[in-house]
Structure formats: structure tokens, C-alpha cells
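Residue numbers (the numbering used here): 50 to 167.
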């Protein structure tokens, strides 16, 4: 996947699927979204003076798309998007959700829809 495709995937998630919690998202698209989100947040965070504020605004702007893409990623592995409630458990909850997002999704249709092309 080239840089342009990574950025296009990110833009699509943020613009076309901002409030989308249904369907499925494959591993590659999920992790590319996470990577771009993290890198931009880190870069914004090191800007002297206003970096922390910009990083916080960035994170708030991505709250809904992040929850949506994580729900769709969990759907791809056959789990409910409600598993994200584990994020409310300090430290361990985030690790559990991370581990749930790592496995490859099922190649055939499941209760959440058809498999997303990789």
C-alpha cells in the first residue's frame, strides 16, 4: 500500500464513514487509520506552545471515526462493537480491545455483513 492510498483510506473513514458503526473493516484499513491518527497526533503534540491543545482537538475530532472503525474491525472478527466498552477499564481494557482487533477477519459473510476486500 503506497502513501497516497493510506491517506485516501484515512480521508474516506473520516469523511464517508464518520458515524458508521455497521459493516466490517479489514485489518489493513484499520491499522492504516490507527497509524495515520497516531503519527499526526504525535507530530501535533510536539509543536511548542499549542501542540498539546492541537493534539487534543485532533483526538476529539477523531473520536467518532475511531469508535466506528474499531466497531467495524470487531465485526470483521465476529465480535460485537459493544466490546469497546472494555476501553472503560483503565490500561487492561485498551490492551484487550487491541488484542481483539489483531486477528484476521473471517473470509466469508458473518452476522455483520460481507467480508471487506483486502
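Note that the Cβ used here is the ideal one computed from N, Cα and C, for glycine as well.
Closest by CA to residue i, which one among the options?
| i | options | result |
| --- | --- | --- |
| residue 52 | 81, 119, 159, 95 | 81 |
| residue 136 | 126, 127, 148 | 148 |
| residue 163 | 145, 64, 56, 125 | 125 |
| residue 130 | 141, 99, 140, 113 | 113 |
For residue i, which of helix, strand or coil comes out of DSSP?
| i | result |
| --- | --- |
| residue 159 | strand |
| residue 114 | helix |
| residue 71 | coil |
| residue 151 | coil |
| residue 54 | helix |
| residue 65 | helix |
| residue 99 | coil |
State the start and end residues of the unbroken alpha helix (DSSP H) segment that holds residue i.
| i | result |
| --- | --- |
| residue 80 | 76–94 |
| residue 138 | Where residue 138 is concerned, there is no enclosing alpha helix (DSSP H), given that its DSSP letter is neither H nor E. |
| residue 126 | Segment: none, residue 126 is in no alpha helix (DSSP H) and carries neither H nor E. |
Anyone know if the C-beta pair for residue i and residue j falls short of 8 angstroms?
| i | j | result |
| --- | --- | --- |
| residue 110 | residue 70 | no |
| residue 116 | residue 104 | no |
| residue 118 | residue 68 | no |
Given a threshold of 16 other Cβ atoms within 10 Å of its Cβ, counted over all protein chains shown, does residue i qualify as buried or as exposed?
| i | result |
| --- | --- |
| residue 84 | exposed |
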